[in-house]
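Chemist:
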Amino acid sequence: MLGVQLTELRAAEPAGAAAALDLAAGLDDALGDGLARLGAERLAALTDLAGAFAATPLGPALAEAVEKIAAGSVTDEHLATLAGARTALFGAVHDAGLAALDTALGRARAEWAGPATAEPAAAGPLAGCRSWLRELAIAGWRGVGRDLVSAVDQTVEALLADPAHRRLAVLVDGLAAELRAASPVAALESLPARRWADLWSRALLLAQGGGPPADAEPVSGRLLILGADAHEHGTAVQVQVHAVLEPAGGAPPRLVRTAVGAGKVDTITGPAVWRLLQHHPKLLTALAERRALEITELPLLPGGDLLWDEERATAAEPVDPFATARVLLPRAVAAPVPPLDRHPVLIAEPVLIEGYRSDGTTLELDGATLEIDPRRLPACGPLTPQLVRSSTACVGLLRREGDRWLLQPLALQATVKRKPVEAHSGDWALGVTDPKIAKAEARAGDPVTVLRERAGRLLRK
Amino acid sequence: MVVNEADTERAAWERGSTVRVVEPVRPRKLAKVPFVELAEGRLQGVVSSGSDPARVYVASIAARTHGFGCSTNNNRPCGGLGARPCKHLRALADEAVLQYGVDRVARYLHAEVGAEGDLLAGLAGGREAAPAAAVFSRFLRHLAYLELPDQRAPIPELHWFPAPEAVR
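Heads up: the protein sequence lines correspond to chains A and B, in order.
In the working numbering, each number is its position in the first sequence, counted from 1, plus 662.
In the working numbering, each number is its position in the second sequence, counted from 1, plus 11.
1. Kindly indicate which three-state DSSP category D891/A falls into: helix, strand or coil?
2. If you follow the beta strand (DSSP E) that E703/A is part of, which residue opens it and which one closes it?
3. So with Cβ pairs under 8 Å, would you call H941/A a contact of chain B?
4. So, under 8 Å CB-CB, P961/A and P880/A are touching, yes? Tell me the CB distance rounded to an integer number of Å.
5. Could you tell me which chain B residues have their CB closer than 7 Å to the CB of L955/A, listed as they occur along the chain?
6. Within the same chain, show all residues whose beta-carbon is closer than 6 Å to that of F172/B, passing over the 5 residues directly before and after it, in chain order.
7. Measuring alpha carbon to alpha carbon, tell me which of A1041/A, T1023/A, L1068/A ends up nearest L35/B.
8. Compile a chain-ordered list of the residues in the segment 898-918 of chain A whose CB is closer than 9 Å to at least one CB of chain B.
9. With 8 Å as the C-beta to C-beta threshold (strictly closer), list the residues of the segment 148-161 of chain B near chain A in chain order.
10. With 8 Å as the threshold, decide whether the Cβ of P854/A is near any Cβ in chain B.
11. If you measure beta-carbon to beta-carbon, which residues of the segment 26-51 of chain B are closer than 9 Å to chain A?
12. Helix, strand or coil for A174/B? Go by DSSP, reduced to three states.
13. I'd like the ranges of any beta strand (DSSP E) spanning at least 3 consecutive residues and lying wholly in the segment 796-852 of chain A.
14. Note down, in chain order, all residues in the segment 165-176 of chain B with a beta-carbon under 9 Å from any beta-carbon belonging to chain A.
15. Express the C-alpha separation of G713/A and D967/A in angstroms, rounding to a whole number.
16. Below 8 Å, can you find three or more Cβ-Cβ pairs linking the segment 757-769 of chain A to the segment 1014-1022 of chain A?
17. For a test of your reading of the model: does the CB of R672/A fall under 7 Å from any non-hydrogen atom of the ligand SAH? Yes or no.
18. How many whole angstroms separate the CB atoms of L1049/A and A1085/A, which I take to be in contact at a CB cut-off of 8 Å?
19. Residues of the segment 1102-1121 of chain A with a CB closer than 7 Å to any CB of chain B: list them in chain order, please.
20. Going along chain B, which residues have a C-beta under 8 Å from P1040/A?
21. Check the Cβ-Cβ distances between D18/B and every residue of chain A, and say whether any is below 8 Å.
22. Are any of the Cβ atoms in chain A nearer than 8 Å to that of P64/B?
23. Given a limit of 7 Å on CB to CB distance, which residues of the segment 821-837 of chain A reach chain B?
24. D114/B to T718/A, Cα distance in whole Å?
25. From this set, A801/A, E819/A, G776/A, R857/A, which residue's C-alpha is nearest A848/A's C-alpha?
26. Does any CB atom of chain B fall closer than 8 Å to the CB of H895/A?
27. Would Q110/B count as contacting chain A if we go by Cβ distances under 8 Å?
28. Which ranges does the alpha helix (DSSP H) cover as unbroken runs of at least 4 residues, wholly within the segment 720-792 of chain A, from first to last along the chain?
29. Nearest CA to the CA of V806/A: which residue from L850/A, P777/A, D824/A?
30. Rounded C-beta distance between R952/A and P914/A? I'm assuming under 8 Å.
31. Find the nearest neighbour of R37/B within the set A155/B, G128/B, A107/B, Y156/B, judged by alpha-carbon distance.
32. Go through its chain and collect everything with a Cβ distance to V47/B's Cβ below 7 Å, but skip five positions before and after it.
33. Along the chain, where does the beta strand (DSSP E) containing P45/B start, and where does it finish?
34. If contact is defined by three or more beta carbon pairs under 8 Å, each pair taking one atom from either stretch, is the segment 892-904 of chain A in contact with the segment 153-166 of chain B?
35. Using beta carbons (cut-off 8 Å, strictly below), is R75/B in contact with chain A?
36. Just to confirm the assignment: which complete alpha helix (DSSP H) runs, minimum length 4, are found wholly within the segment 1003-1087 of chain A?
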């Protein structure tokens, strides 16, 4: 990414995005107070929201939902409509942001060809989940206490038991843990209103029942890794690898991702999380040794996600991710975004930025500045603000928070003590390579082994 | 328009999608005390027996009243427990302080911590019946997360949960 592209991106702040987010904030505040006790101000905000949608297909349903909710009738259907409207607002903000980014980068993006419709709602744990989300909406975040949070425990267990509901289970478990930690929420001075409303709306939409499974296309070729992005909450970890696929047969390179994840507990964090992913040795080796992977008939979802399968991959020769970013990234075709994943938080576009100066929190390139995302230099990898400060080249993900663009480094080239150093987010996939941190880890012992031993002995199988 | 820093921070908290709500726990050795939590109005956890690998002790301290209890997972009372906390309770308190920091534990228990930072010294409660079976089943539920099958498909929602940064 060049300085001029960065300047162009920063100048292309989409019109109307702030107004759209303000409309959503009206709903977010209503969810803070609870739909059972809407004051005049909150009610006016919901009416504004309905007004903004009047000319859209969602208009009549939303107007009715707001009217009924105001009258005290909060049904699953009304809530799904509210969550749908909020999701549409963030979808529009997402689209405008991503379009500005694609234009600035000159990035080609394929058209969405996957399914857009969802199946009707299913019973069982999904109904249980919807009913908990309804209770939350009625009580409002400020009405949440220990009992309301604990009420979802059984639903989470039931959702986790079915791999088809894993996505919803992980989301709801993450939200419940935050509400538990914050209980009684009424005592909080102010609420993470947008965050909780984001999670609530997504959970509600996922709990309507999964759409038909998207058709995967088998792909083969060489997978050239750009870097790894790690996600984690108390009971889940996921590593999402961004890569360029050079398809066998010479088709244009494609920008893809593949994610592997596992269940975990809160005491397993930092570099130890890689141990939970050891069923994927080829992928971890490719990360740690910066190697390419040869893949054969690996399923690729329409949104650009490869479904990882060790059986269909072999580790190949070492490839420098900076070389991949330099040579292939400008030509790679990006995947379209699945309808439900149109949210600014899900913008994570790989870029290469070189020749900048940084103070560790922002970087400056030809007079344009870009903030480093302070929340995304995780303990499971070697990247630190200090390293950012001495770096001059970065492979990273461009992210969006509110009206700002942020850079999440995945790989850095820096000069430390006059020597060139290079560090990548996946360097520790097979074990910590920094002797100081490795020593601290060794002192703490291996939490995964300890807990697996306890599980083997105490969980009677 | 005057914008002060507190307002900016508050706006970022209220209107940020990826703000951190739960402080990540600090890494600690798990061999002796594999499970510690601040939940259900108690500091509670599981302490491995020093002599029998198949036995664990379930120890807990209630918030506010500071009543404490300790028994085996088979609900036999801990032999070391008297009017004062046993070594299992002491281990539980020490590990809780490592995991959460003394301030967070003391805040949860509504306890005063003395200058030496000894959590147990500041507790006024006595021995009381503890819900050992319930705590033990929460421990088993906790362990069951490690037995979940590997995740097969991407979970986009985890983008809301960036892996925590290092405290370096």
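Virtual Cβ for every residue (Gly too), placed ideally from N, Cα, C.
Modeler: So, to answer that:
1. Position 229 of the first sequence, counting from 1, holds the residue named residue 891/A. D891/A falls in the strand class under three-state DSSP.
2. Mapped onto the first sequence, residue 703/A falls at position 41. Secondary structure note for E703/A: it is in no beta strand (DSSP E), and the uninterrupted alpha helix (DSSP H) holding it is 702-714.
3. In the first sequence, counting from the first residue as 1, residue 941/A sits at position 279. Chain B contact via Cβ: present.
4. Start at 1 with the first residue of the first sequence, and residue 961/A comes out as number 299. Start at 1 with the first residue of the first sequence, and residue 880/A comes out as number 218. About 6 Å separates the two Cβ atoms, so the contact holds.
5. Along the first sequence, one-based indexing puts residue 955/A at 293. Neighbours of L955/A on chain B: none; closest Cβ ~17 Å, over 7 Å.
6. Taking the first residue of the second sequence as 1, we reach residue 172/B at position 161. The answer is none, since no qualifying residue turns up.
7. The residue labelled residue 35/B in the question sits at position 24 within the second sequence. Note that residue 35/B is Pro in the sequence shown here, rather than Leu. Looking at the Cα atoms, A1041/A is the closest of the given residues.
8. A898, V899, Q900, V901, Q902
9. F150, L151, R152, H153, L154, A155, Y156, L157, E158, L159, P160, D161
10. In the first sequence, counting from the first residue as 1, residue 854/A sits at position 192. So, interface residue.
11. So the close ones are R26, G27, S28, T29, V30, R31, V32, V33, E34, P35, V36, R37, P38, R39, K40, L41, A42, P45, F46, V47, E48, L49, A50, E51.
12. By 1-based counting over the second sequence, the position of residue 174/B is 163. If DSSP states are grouped into helix, strand and coil, A174/B belongs with coil.
13. none
14. P165, I166, P167, E168, L169, H170, W171, F172, P173, A174, P175, E176
15. As a first step, residue 967/A is located in the first sequence; it is residue number 305 there, counting from the start. As a first step, residue 713/A is located in the first sequence; it is residue number 51 there, counting from the start. Approximately 37 Å, taken between the alpha carbons.
16. Verdict: no, contact absent.
17. The ligand content of the structure shown is nil, which means the ligand SAH is not present either.
18. Position 387 of the first sequence, counted from the start, is the residue given in the question as residue 1049/A. Position 423 of the first sequence, counted from the start, is the residue given in the question as residue 1085/A. Between L1049/A and A1085/A a beta carbon distance of about 6 Å is seen, short of the 8 Å cut, so the two are scored as contacting.
19. A1106, G1107, P1109, V1112, L1113, R1114, R1116, A1117, R1119, L1120, L1121
20. Position 378 of the first sequence, counted from the first residue, corresponds to residue 1040/A. Going along chain B in sequence order, the residues near P1040/A (Cβ under 8 Å) are P173, A174, P175, E176, A177.
21. As a position in the second sequence, residue 18/B is number 7, starting the count at 1. False, the Cβ-Cβ gap to chain A never drops below 8 Å.
22. Indexing the second sequence from 1 puts residue 64/B at position 53. Yes, P64/B lies at the interface with chain A (some Cβ there is under 8 Å from its Cβ).
23. Answer set for the segment 821-837 of chain A: L822, P825, R828, R829, V832, L833, G836.
24. Residue numbering aside, residue 114/B sits at position 103 when the second sequence is read from its first letter. Residue numbering aside, residue 718/A sits at position 56 when the first sequence is read from its first letter. In this structure, the alpha-carbon of D114/B lies about 51 Å from that of T718/A.
25. Reading the first sequence from its first residue, position 186 is the one you call residue 848/A. Checked all of A801/A, E819/A, G776/A, R857/A; the closest Cα to A848/A is A801/A.
26. By 1-based counting over the first sequence, the position of residue 895/A is 233. So yes, H895/A belongs to the interface.
27. Residue numbering aside, residue 110/B sits at position 99 when the second sequence is read from its first letter. Closer than 8 Å to some Cβ of chain A, the Cβ of Q110/B qualifies, so yes.
28. 721-732, 738-767
29. As a working mapping, residue 806/A is identified with position 144 in the first sequence. Residue L850/A is the option with its Cα nearest to V806/A.
30. Locating residue 952/A in the first sequence gives position 290, where the first residue counts as 1. Locating residue 914/A in the first sequence gives position 252, where the first residue counts as 1. About 24 Å; that fails the 8 Å criterion.
31. For the purposes of this step, residue 37/B is taken as residue 26 along the second sequence, with counting starting at 1. Residue nearest to R37/B within the set A155/B, G128/B, A107/B, Y156/B is A107/B (criterion: CA-CA distance).
32. If you number the second sequence from 1, residue 47/B lands on position 36. Closer than 7 Å at the Cβ level, and outside the excluded window around V47/B, lie G56, L103, E106, A107, Q110.
33. Against the second sequence, residue 45/B aligns to sequence position 34. Looking at the DSSP string, P45/B is not in any beta strand (DSSP E), and its letter there is neither H nor E.
34. yes
35. The residue given as residue 75/B occupies position 64 in the second sequence. With 8 Å as the cut-off, R75/B does not count as an interface residue toward chain A.
36. 1047-1051
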